[in-house]
Structures are given as structure tokens and as C-alpha cells.
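Numbering (the working numbering), first residue to last: 27 to 107.
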């Protein structure tokens, strides 16, 4: 192999490396966008779950309060022992 052929081989190898680096740069950039979108989605889900937890806590308190009143009404109607 002569010097010119070796030079051409190196130039082709560098072109191939540049091509693959460019492709990887695009893949990494797309993954960065995907990760950002996932973080935004997770934050939204977290906010919705927090709101749902608050609503369920309120509902639980209301249901417990109603059962307590019903229990008292039923106990008040029982004949004395």
C-alpha cells in the first residue's frame, strides 16, 4: 500500500466517523427532548395525583362523618338495655 492509498483510507475512515458521530448527535438530541417531555408528563401526573389525594381525603372525612351520624341515630333508637 502506498502513502496516497493510506491517506485516502484515513480520509474515508474520518468521513465514516463524522457520519456516525452526526447520527449519534441526532439520537442523543432526540433523547434529550424525549426526557424533557417525560419529566413534564411526570410533573403533571404528580400534580393531578396530589389533587386527587386531597379530594379523596375530603371524601373519606365526609363519608366517615355521615357514618358516625347514622351510627348515632341507630344507637339512639335502640331501647335501653
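Heads up, the beta-carbon is just placed ideally off N, CA and C, and yes, glycines get one too.
Backbone secondary structure at residue i - three-state DSSP
{"i": "residue 114", "result": "The requested residue 114 does not occur in the structure, where the chain is confined to residues 27 to 107."}
{"i": "residue 100", "result": "helix"}
{"i": "residue 107", "result": "coil"}
{"i": "residue 27", "result": "coil"}
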